[in-house]
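Using this note's numbering, the first residue of the sequence shown is number 248, and each one after it goes up by one. Since the structure comes first, as structure tokens, the remarks are kept for the end.
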Amino acid sequence: MTNLPPDYDNRVYAGWLGKCIGVRFGAPLEGWTYQKILDTLGKVMDYLPLPPDKLFKPDDDTALPMLLIQALADYGAGVTAVQLGETWLNYLADQRGTLWWGGYGISTEHTAYLNLASGVPAPLSGSIAMNGAALAEQIGGQIFSDIWGLVAPNNPELAADYAAKAASVSHDGNGIYGGMFVAGLVSAAFGESDPRKLVEIGLSLLPADSEFVRVVTAVYNLHQQNPNDWRAAYAFIHANFGYDRYPGEVHIIPNAGIVAMALLYSDGDFSRAIQIANMGGWDTDCNVGNVGAIMGVAVGLDGIERKWREPMDDVLITAGLIGSRNLWTIPACADLFCKLGRDIVGEQTEPSPHYHFHYPNSTQGFQTRGDKGRIMGIGEENGRLRITVRKLNKKGEVRAFVRTYIRPDELSANYYGASFSPQIYPGQTMRARLFLPDNAPDQLRAGLYVHDGNSGDNHQAIAQPLVPGQWHDLSFQIPTLHNALISEAGLVLRNLGAPWTGNLFLEWLDWDGAPSFSNDFKLERPEYGASSQWTYLRGYWRLENGAYHGSGAGINESYTGDVAWRDYELLVRVRPLLGQHHLILARVQGARRSYAAGLGPDGLVLYKNDGGYERVTAVPFPWRHNQSYAIILRVQGKQLTVSIGDVRINWVDDNAPHLNGQIGLVNFAGCHTAYERVQIEPA
Numbered sequence: 248m249t250n251l252p253p254d255y256d257n258r259v260y261a262g263w264l265g266k267c268i269g270v271r272f273g274a275p276l277e278g279w280t281y282q283k284i285l286d287t288l289g290k291v292m293d294y295l296p297l298p299p300d301k302l303f304k305p306d307d308d309t310a311l312p313m314l315l316i317q318a319l320a321d322y323g324a325g326v327t328a329v330q331l332g333e334t335w336l337n338y339l340a341d342q343r344g345t346l347w348w349g350g351y352g353i354s355t356e357h358t359a360y361l362n363l364a365s366g367v368p369a370p371l372s373g374s375i376a377m378n379g380a381a382l383a384e385q386i387g388g389q390i391f392s393d394i395w396g397l398v399a400p401n402n403p404e405l406a407a408d409y410a411a412k413a414a415s416v417s418h419d420g421n422g423i424y425g426g427m428f429v430a431g432l433v434s435a436a437f438g439e440s441d442p443r444k445l446v447e448i449g450l451s452l453l454p455a456d457s458e459f460v461r462v463v464t465a466v467y468n469l470h471q472q473n474p475n476d477w478r479a480a481y482a483f484i485h486a487n488f489g490y491d492r493y494p495g496e497v498h499i500i501p502n503a504g505i506v507a508m509a510l511l512y513s514d515g516d517f518s519r520a521i522q523i524a525n526m527g528g529w530d531t532d533c534n535v536g537n538v539g540a541i542m543g544v545a546v547g548l549d550g551i552e553r554k555w556r557e558p559m560d561d562v563l564i565t566a567g568l569i570g571s572r573n574l575w576t577i578p579a580c581a582d583l584f585c586k587l588g589r590d591i592v593g594e595q596t597e598p599s600p601h602y603h604f605h606y607p608n609s610t611q612g613f614q615t616r617g618d619k620g621r622i623m624g625i626g627e628e629n630g631r632l633r634i635t636v637r638k639l640n641k642k643g644e645v646r647a648f649v650r651t652y653i654r655p656d657e658l659s660a661n662y663y664g665a666s667f668s669p670q671i672y673p674g675q676t677m678r679a680r681l682f683l684p685d686n687a688p689d690q691l692r693a694g695l696y697v698h699d700g701n702s703g704d705n706h707q708a709i710a711q712p713l714v715p716g717q718w719h720d721l722s723f724q725i726p727t728l729h730n731a732l733i734s735e736a737g738l739v740l741r742n743l744g745a746p747w748t749g750n751l752f753l754e755w756l757d758w759d760g761a762p763s764f765s766n767d768f769k770l771e772r773p774e775y776g777a778s779s780q781w782t783y784l785r786g787y788w789r790l791e792n793g794a795y796h797g798s799g800a801g802i803n804e805s806y807t808g809d810v811a812w813r814d815y816e817l818l819v820r821v822r823p824l825l826g827q828h829h830l831i832l833a834r835v836q837g838a839r840r841s842y843a844a845g846l847g848p849d850g851l852v853l854y855k856n857d858g859g860y861e862r863v864t865a866v867p868f869p870w871r872h873n874q875s876y877a878i879i880l881r882v883q884g885k886q887l888t889v890s891i892g893d894v895r896i897n898w899v900d901d902n903a904p905h906l907n908g909q910i911g912l913v914n915f916a917g918c919h920t921a922y923e924r925v926q927i928e929p930a
């Protein structure tokens, strides 16, 4: 396959939107049976309400796929099972976040992670030979596999191959076949919308004598005999393929029957498909998510009712190790999938701004507030965000913005353990493009701004006049700030004349550049086992006595910042309290790729982490416990410089250097470190 469908981008967006809709729709009923749903709630035809003013929680069904897809970005189209296992170790916190950590031999994914961490490579890590059939054939291999169909449109064999490799990290047997089936159907749905034909394509990818084929074929044949009664099909699945017949916590086979039933009895209708899947019970978020992804691609955006889209508001929360990647928009996910799909077939992709409106009716999670005026509505129109303002009085202003940081207590639940780092930082440069229609007056001004969630202050550019009938390119370099947390970014519109009602159009909002800020933790707060703005790999991290403390029994790491950062100078004031390794991190690309520098047993030391820490060099430096040291780590291209006062290390990494990444803090087993101040500026 060398040519992508002409509507590839929109169909990918529809597919991932369908996945996210399905997960949210099904999540409140997870583990319920059909009878319990019917007796308690009756027919569930729409979302159950979230708690007031809460965002929908992270869910493993979407959180792990957004980590797995990084394997394609990191390793390319020829990614292997071993590399997918390495992706687990790099982007998952140690037995926290993203997944259900139910114990070794109980949770399939927990078992696979501990196997990987102990040096057991994929696919042995998820094999029946290692873990037994009951554990290896649970549902996880199926629920995380939609993404492979999105990056391999109209190529179900390739999609199934990717899914088999990815599922083999944690699953085997029917657990792998479920992943192949779902990925194959998502891929085939780019060119085929008939659910029966899609199911036939999926079955053709699998061993004919497998239990997975047996259950799907049985449902397929039942539908052929009685195509109008899905409840009879459910009764058949419950009686012949129910949970009582298969071992483990959530076996794949009963849920495979529900997925097949929902597709076949949907009559090709997106809403009907996800409603049937949800009423079928059992692992509802998983089943409805898979059905939503397949049907989303098959019917496209026009086939997804607005009632499903509007509550989503294009926002997706995940729960990986890198906090700045835990607040997504669904269009940004689609952009990533489309880029990787084009990479596979050798097509080039132009970089997308952080926020654009190319997908029909996407709003990218934009919110509004006003003073002496209000925004009546926002919506996509011809590839732009239309902002409708009513009665903006003289000297009044309105703001249109996106959230760039989320507090964990703003989520409807957080048992998957999401924590966050901001997406934008002081020192970076914001840009946007606006259009004011020619029927507007010449009394309007606009500028970009950010909001500091720690202090409550707004920082904004000088507003510039808007000329009716013209495009305007806005820019704002965020000033260097101390103890700031940028929690929203957007534009402010001000009226200097008579009351105004009308429209303003935003084409895109973006930012880039090196950060410039400092933080002494005085305004931070505890958030999910660490400090606000920071995530952690492992260890005991806490705010204590005016500093950020880390200790633990392993390699204990905590991170902030953005993976895209490249050249910068990091200064951290470190006070060693116990043990011999007290270090800072640069160019962090996850748990398995970074540079570490600081105090070691024999002085000032520099490490490279490339699948494990290896000491590069050290110079003598007589440090003492309970004394503060200002450690400077400068990264510029392949050149690294570490210094404490006049003591210095200069080193050039000529062997596959890490050229971008976050900043962080680390100590080793048996150490306790107080980190008193962090400062970063451009190199």
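C-beta: ideal position from N, C-alpha, C; glycine also.
Counting contacts by CB-CB distance shorter than 9 Å, is residue i in contact with chain C?
{"i": "E754", "result": "Annotation note: the requested chain C is absent from the structure, which comprises a single protein chain."}
Put residue i into one of helix, strand or coil per three-state DSSP.
{"i": "E439", "result": "coil"}
{"i": "D582", "result": "helix"}
{"i": "T309", "result": "helix"}
{"i": "S805", "result": "strand"}
{"i": "R605", "result": "Checking the sequence shown, residue 605 turns out to be His, not Arg. Coil at H605, not helix or strand."}
{"i": "Y260", "result": "helix"}
{"i": "L832", "result": "strand"}
{"i": "H485", "result": "helix"}
{"i": "V714", "result": "coil"}
{"i": "G776", "result": "coil"}
{"i": "F459", "result": "helix"}
{"i": "F915", "result": "coil"}
{"i": "M248", "result": "Because M248 carries a pLDDT of 49, less than 50, the predicted location of this residue cannot be relied on, and the following value inherits that uncertainty. M248 falls in the coil class under three-state DSSP."}
{"i": "I891", "result": "strand"}
{"i": "L331", "result": "helix"}
Please say whether residue j and residue i have beta carbons closer to each other than 9 Å?
{"i": "G837", "j": "I569", "result": "yes"}
{"i": "V544", "j": "A436", "result": "yes"}
{"i": "S778", "j": "L790", "result": "yes"}
{"i": "V819", "j": "Y922", "result": "yes"}
{"i": "S571", "j": "Q670", "result": "yes"}
{"i": "L824", "j": "I634", "result": "no"}
{"i": "P442", "j": "L511", "result": "yes"}
{"i": "V546", "j": "A524", "result": "no"}
{"i": "Y842", "j": "L887", "result": "yes"}
{"i": "L743", "j": "L681", "result": "no"}
{"i": "G269", "j": "G504", "result": "no"}
{"i": "G388", "j": "H357", "result": "no"}
{"i": "G847", "j": "L832", "result": "no"}
{"i": "K638", "j": "P746", "result": "yes"}
{"i": "I197", "j": "I891", "result": "Since the first and last residues shown for the chain are 248 and 930, residue 197 lies out of range."}
{"i": "F915", "j": "H796", "result": "no"}
{"i": "M508", "j": "W477", "result": "yes"}
In the DSSP output, what is residue i paired with across the bridge?
{"i": "G504", "result": "In the DSSP output, where bridge partners are listed per residue, G504 has none listed."}
{"i": "M677", "result": "F723 and W758"}
{"i": "G850", "result": "G847"}
{"i": "F428", "result": "Answer is none; F428 lacks a bridge partner."}
{"i": "K855", "result": "Y842 and E861"}
{"i": "F391", "result": "Per DSSP, none; premise fails for F391."}
{"i": "G797", "result": "W788 and T920"}
Please name the residue in the options whose C-alpha comes closest to that of residue i.
{"i": "N897", "options": "L851, G323, V506 and A916", "result": "L851"}
{"i": "V446", "options": "Q611, Y467 and L574", "result": "Y467"}
{"i": "Q690", "options": "N705, A710 and L331", "result": "A710"}
{"i": "F488", "options": "N473, V460, L314 and Y512", "result": "V460"}
{"i": "D293", "options": "R616, W529, R519 and A407", "result": "R519"}
{"i": "G664", "options": "I353, P252, D618 and D306", "result": "D306"}
{"i": "I577", "options": "H605, G550, A406 and G588", "result": "H605"}
{"i": "F391", "options": "Q342, K266 and R631", "result": "K266"}
{"i": "S451", "options": "T920, P598, S666 and A407", "result": "A407"}
{"i": "W529", "options": "L738, I484 and Q330", "result": "I484"}
Does the stretch 362-370 touch the stretch 390-405, meaning 3 or more C-beta pairs lie closer than 8 Å? Contact between the stretch 390-405 and the stretch 362-370 is absent, because fewer than three Cβ pairs lie under 8 Å.
Notebook entry, point to check: Do the stretch 545-564 and the stretch 589-603 make contact, defined as three or more Cβ pairs closer than 8 Å?
Noted result: The stretch 545-564 makes no contact with the stretch 589-603: fewer than 3 CB pairs, one atom from each, lie closer than 8 Å.
Original post:
Can at least three beta-carbon pairs, one atom from the stretch 720-734 and one from the stretch 692-708, be found at a separation below 8 Å?
Top reply: Three or more beta-carbon pairs separated by less than 8 Å link the stretch 720-734 to the stretch 692-708, which places the two stretches in contact.
- Three or more beta-carbon pairs under 8 Å between the stretch 605-618 and the stretch 342-358, yes or no? No, the stretch 605-618 does not touch the stretch 342-358.
How do the stretch 464-483 and the stretch 309-329 stand: do at least 3 beta-carbon pairs fall below 8 Å, yes or no? Touching, no.
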